[in-house]
Amino acid sequence: MITPPDTLPYRHVLTLPTRGPAVRVARETAEQVLAEWGVGSQDPCRDPALLIVSELVANSVRHAAVLSPQVTVVFAGGPDTFAFGVHDRHPYRPALFASAGIAPGRGLATVMELTHGLGGSAVVRGDADEGGKSIWITLPLRRNGRSHDR
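Going by this note's numbering, the residue at position 99 of the sequence shown is 101; the numbering climbs one at a time, nothing skipped.
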């Protein structure tokens with residue numbers, strides 16, 4: 003069972019201008035956060051998590067910048083869970099589960115395939131004022147197919 007992000011003991015927040023360099027900075031920050039929390043390159047969720055963070059931040063830059071001058075990434079972690087939410091102030095909420103068959107882009111479809119392939123979950127949470135949203139991804143941490151302790 004995956005622990006809900008709100009109850010995880012580790013947390014790191016990154017807020018950036020909604021511009022192209024945000025993608026690289028978010029990915030590099032995710033790498034640092036995972037390393038600091040003891041998640042090494044051998045963990046099967048590490049590289050897919052970096053790709054998912056990059057894709058979600060790129061989507062905010064590409065589609066939300068006109069209404070959202072900033073994008074925020076919240077990282078949360080615990081002994082067996084890594085979660086992150088990408089927030090922008092654009093009100094559009096994508097349909098995560100319908101994205102696999104939709105052209106023009108494959109970004110969200112890739113996010114969903116990776117998330118589910120790792121046994122994770124994804125959810126879109128709207129802001130209370132309906133003026134923005136967060137896409138939260140929660141992934142189990144494993145080594146050699148088993149959950150691990152830190």
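For glycine and all other residues, C-beta sits at the position ideal for the given N, C-alpha and C.
The structure presented is a predicted model; accordingly, all values stated were derived computationally and were not measured.
Check your understanding: Given that a residue counts as buried once 16 or more other Cβ atoms are within 10 Å of its Cβ, and exposed if not, what is G87?
Key -> buried
Check your understanding: Could you give the residue range of the beta strand (DSSP E) that holds R92?
Key -> Sequence inspection shows His at residue 92; the Arg mentioned does not correspond to that position. Neither: H92 is in no beta strand (DSSP E) and is coded neither H nor E.
Review point. By Cβ distance, which residues of its chain are closer than 7 Å to G128, with the 5 residues on each side in sequence left out?
Key: R95 and K135
Check your understanding: For E132, which residues from the same chain have a beta carbon less than 8 Å from its beta carbon, with the 5 sequence-adjacent residues on both sides left out?
Key -> P93
**Study point:** Proximity test, A66 beta-carbon vs the ligand PLP heavy atom, cut-off 7 Å
**Key:** Of the ligands one can find in the structure shown there are none, so the ligand PLP has no counterpart to examine.
Check your understanding: Residues in its own chain within less than 6 Å of Q28 by CB, not counting five upstream and five downstream?
Key -> This sequence places Ala at residue 28; Gln is not what is there. Contacts found: V55, V59 and V75.
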